[in-house]
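Residue numbers (the UniProt record's numbering): 1 to 262.
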């Protein structure tokens with residue numbers, strides 16, 4: 001038998017006059033959360049987050065990187081990205097990676113403290129935006145740092161076109177989003193750490209682990225290259241190293257060893 005709860009009917013909470021988000025902004029926040037909520041592992045979590053941010057925000061380019069620290073996440077390039085052309089990435093790696101304000105160690109403290117930072121709010125003595133990004137149609141970028149405590153850090157970089165700056169409303173949604181993402185990121189980072197601890201005798205770099213994970217899932221070199229946004233030759237190089245380190249003669253054997261090592 002159902003029982004009526006005593007007391008007057010509750011009244012809905014009034015939104016404060018300075019409420020930073022509108023209804024459509026909350027739809028974007030929930031849309032991203034729904035897209036990643038059921039990710040099976042860190043690899044799927046990263047890819048779903050990239051696609052969700054492009055879908056719900058319309059960001060031109062998105063990168064999701066991770067590491068034990070912010071410096072490792074940014075500098076190791078262990079993660080996935082989408083929206084950047086091969087020409088952009090080649091030029092970036094060849095001459096601009098060291099001039100990226102988001103990679104400057106002096107900016108790490110600002111990123112960790114603020115959580116969400118716009119590129120235009122950081123010193124750019126080298127003209128990173130005017131001399132490099134603008135030639136590729138990118139007008140501004142922003143970074144979101146998800147602090148997962150002892151589990152590590154997830155760094156999210158986003159880029160915009162056709163706008164002078166990343167909109168304030170987008171930054172407001174990202175600030176809310178990072179708080180909701182923290183528990184999921186912590187869970188995924190811890191899960192990956194536990195899985196790799198079971199294979200501690202495999203001495204692989206973070207990027208080699210990425211390739212090994214996807215190869216063990218049965219992906220082809222092309223699929224791995226597309227997922228990690230690297231060349232097929234780079235996939236082959238990493239896979240050769242993975243097979244040698246794990247003592248496997250084939251991808252099939254790697255998949256078997258992967259499943260039995262957990």
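Glycine included, C-beta positions come from ideal geometry on N, C-alpha and C.
Would you kindly work out how many angstroms separate the C-alpha atoms of residue i and residue j, rounded to a whole number?
{"i": "residue 143", "j": "residue 93", "result": "19 Å"}
{"i": "residue 98", "j": "residue 123", "result": "14 Å"}
{"i": "residue 255", "j": "residue 193", "result": "18 Å"}
{"i": "residue 176", "j": "residue 250", "result": "45 Å"}
{"i": "residue 28", "j": "residue 190", "result": "27 Å"}
{"i": "residue 128", "j": "residue 160", "result": "15 Å"}
{"i": "residue 166", "j": "residue 259", "result": "43 Å"}
{"i": "residue 119", "j": "residue 84", "result": "17 Å"}
{"i": "residue 39", "j": "residue 195", "result": "16 Å"}
{"i": "residue 75", "j": "residue 103", "result": "7 Å"}
{"i": "residue 133", "j": "residue 237", "result": "30 Å"}
{"i": "residue 209", "j": "residue 42", "result": "12 Å"}
{"i": "residue 64", "j": "residue 233", "result": "22 Å"}
{"i": "residue 158", "j": "residue 151", "result": "23 Å"}
{"i": "residue 228", "j": "residue 212", "result": "12 Å"}
{"i": "residue 31", "j": "residue 247", "result": "43 Å"}
Could you check which residue in the options has the C-alpha nearest to that of residue i?
{"i": "residue 49", "options": "61, 40, 35 and 59", "result": "35"}
{"i": "residue 214", "options": "134, 52 and 79", "result": "79"}
{"i": "residue 235", "options": "247, 248, 219 and 246", "result": "219"}
{"i": "residue 70", "options": "106, 33, 221 and 44", "result": "106"}
{"i": "residue 216", "options": "86, 45, 257 and 206", "result": "257"}
{"i": "residue 244", "options": "204, 174 and 66", "result": "204"}
{"i": "residue 86", "options": "240, 225, 65 and 212", "result": "225"}
{"i": "residue 242", "options": "202, 130, 164 and 82", "result": "202"}
{"i": "residue 116", "options": "133, 168 and 151", "result": "168"}
{"i": "residue 26", "options": "41, 46, 57 and 44", "result": "57"}
{"i": "residue 266", "options": "158, 229, 173 and 90", "result": "In this structure the chain extends from 1 to 262, so residue 266 is not present and cannot be described."}
{"i": "residue 96", "options": "121, 72 and 135", "result": "135"}
{"i": "residue 139", "options": "44, 222 and 59", "result": "59"}
{"i": "residue 91", "options": "131, 207 and 186", "result": "131"}
{"i": "residue 187", "options": "46, 22, 21 and 23", "result": "46"}
On the DSSP bridge list, what partners appear for residue i?
{"i": "residue 68", "result": "Residue 68 pairs with nothing; no bridge assigned."}
{"i": "residue 265", "result": "Past the edges of the chain, shown from 1 to 262, lies residue 265, and the structure says nothing about it."}
{"i": "residue 134", "result": "According to DSSP, residue 134 bridges with nothing at all."}
{"i": "residue 242", "result": "Answer is none; residue 242 lacks a bridge partner."}
{"i": "residue 266", "result": "Residue coverage of the chain in this structure runs from 1 to 262, which leaves residue 266 outside it and unanswerable."}
Quick one: what does DSSP say residue i is sitting in, helix, strand or coil?
{"i": "residue 155", "result": "strand"}
{"i": "residue 100", "result": "coil"}
{"i": "residue 172", "result": "helix"}
{"i": "residue 214", "result": "helix"}
{"i": "residue 147", "result": "strand"}
{"i": "residue 166", "result": "coil"}
{"i": "residue 126", "result": "coil"}
{"i": "residue 61", "result": "strand"}
{"i": "residue 82", "result": "strand"}
{"i": "residue 31", "result": "helix"}
{"i": "residue 252", "result": "helix"}
{"i": "residue 36", "result": "helix"}
{"i": "residue 202", "result": "coil"}
{"i": "residue 219", "result": "coil"}
{"i": "residue 95", "result": "helix"}
{"i": "residue 224", "result": "helix"}
{"i": "residue 230", "result": "coil"}
* Asked: Are the region 139 to 157 and the region 111 to 124 in contact at 8 Å, needing three or more beta carbon pairs?
  -> yes
* Taking 8 Å as the threshold, find out whether the region 178 to 187 comes into contact with the region 51 to 58 through three or more Cβ pairs. => no
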